[in-house]
Ligand SMILES: [Zn+2]
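Numbering (my numbering), first residue to last: 39 to 160.
What follows is the structure, encoded as structure tokens:
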């Protein structure tokens, strides 16, 4: 049986890496973590404008890194594949950060100032 070609496989491997390779995209993925988050929650967590976050969310969704779910007036985003977090942890350790430091960021957080149903359940 013929081996798969390195260039073809490499393109498949590089595609998700390219989709997440910016500090802004990494921040969004860490803020979503293992849970799900709406735009207003990401706005609170990251301190960026909604339009700016939405632009990145759209690109990550197009790349199939994120999936979304609508519930009433909220759209929730979550990671299509949680192994992306392992990838981010691996990249962090290359930068000299500890895996513990990354997992502390990934843990789901509640922001008192956020009015989303996850932070302020009614
Ligand atoms: Zn929230």
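Note that beta-carbon positions come from the ideal geometry of N, C-alpha and C, so glycine has one too.
Looking only at 70, 40 and 53, the smallest Cα-Cα distance to residue 123 is reached by 70.
Take the alpha-carbon of residue 150 and the one of residue 157: they are about 6 Å apart. Within the same chain, Cβ atoms closer than 7 Å to the Cβ of residue 118 are found at 102, 103, 104 and 105, the five residues on either side in sequence being excluded. Remark: the shortest separation between the CB of residue 94 and any heavy atom of ligand 1 does not fall under 6 Å. Judged by DSSP secondary structure, residue 116 falls outside any alpha helix (DSSP H) and instead within the beta strand (DSSP E) spanning 112 to 117. Closest in alpha carbon position to residue 145, among 113, 55, 83 and 132, is 83. Taking all protein chains in view, the Cβ of residue 58 is crowded by 16 or more other Cβ atoms within 10 Å, so the residue is classified as buried. Residue pairing of residue 108 in beta bridges, as defined by DSSP: 113. Remark: C-beta atoms of residue 93 and residue 77 do not approach each other more closely than 7 Å. Scanning the region 60 to 97 for uninterrupted alpha helix (DSSP H) segments of 4 residues or longer gives 61 to 70 and 77 to 84, listed from N- to C-terminal end. Distance from the CA atom of residue 115 to the CA atom of residue 108, rounded to whole angstroms, is 9 Å. Between residue 67 and residue 143, the gap from beta carbon to beta carbon reaches 7 Å or more.
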